[in-house]
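The C-terminal position of the sequence shown is numbered 146 in our numbering, with every residue numbered one higher than the one before it.
Ideal placement from N, C-alpha and C gives every residue a C-beta, glycine not left out.
First the structure, in the form of structure tokens, and then the observations on it.
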Amino acid sequence: MSMNLPNVSHLNLIDSLDSLHYSSLSLNIRSIQIILHYEFLHFATDDWSSLRALSTLPLLKSLHILLYGMHIPPNSKSSQIIAETALLLSDFSLCFRKIYCLNSCDITSAYNKHSLFIKRLRKRILALSLDGERYISVEKDGCGLIVWF
């Protein structure tokens, strides 16, 4: 997919991380929202390297990622990529959201994994943050993280 939309400042991507890597994105983009539904994804949850393409967008200040129905959170390598990306922005969020078709045992297990991932991601962002002026808020259930300064 190729996009040549020079006036686009806000971009919503649904079920497509790959489009960040293979697209020619407008340099005017200021915010991106990515919504990923586990059941529609054809990529492994450990391949978040497409986020690195965001470093080429000079005006990008905001990135919000919503992950629906993810059974397994991203791995350690992807966590590093996500943390590095968060530091490039003034407004970043990553939130896991449940899908109600799972049984309660699956939901509890998934949410425990999500919460642990969010704790580790928070620590990683703090460790990488040299300026120390970042604010980080973790959602009450532990399944979402918001970073800003």
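Problem set entry | Reference residue 69, options 16, 105, 55 and 86, closest by Cα | Among 16, 105, 55 and 86, the Cα nearest to that of residue 69 belongs to 105.
Exercise. If you draw a straight line from the C-alpha of residue 142 to the C-alpha of residue 83, how long is it?
Worked result: Going by the C-alpha atoms only, they are around 11 Å apart.
For this session: Rank 108, 138 and 85 by C-alpha distance to the C-alpha of residue 146 and give the top, closest one.
Result: 85 is the residue among 108, 138 and 85 whose C-alpha sits nearest the C-alpha of residue 146.
Exercise. Terminal residues of the continuous alpha helix (DSSP H) containing residue 26?
Worked result: Here residue 26 belongs to no alpha helix (DSSP H), and DSSP marks it neither H nor E.
Problem set entry | Local Cβ density within 10 Å of residue 127, reported as buried at 16 or more and exposed below that | It counts as exposed.
Exercise. Rounded to a whole number of angstroms, what is the C-alpha to C-alpha distance between residue 64 and residue 12?
Worked result: When rounded, the distance between both Cα atoms is 9 Å.
Exercise. Which same chain residues, not among the five before or five after residue 59, have their C-beta less than 8 Å away from its C-beta?
Worked result: Within the same chain, residue 59 has close Cβ partners 27, 28, 29, 86, 87, 88 and 89.
Problem set entry | Where residue 49 falls: helix, strand or coil (DSSP) | The answer is helix: DSSP assigns residue 49 an H, G or I state.
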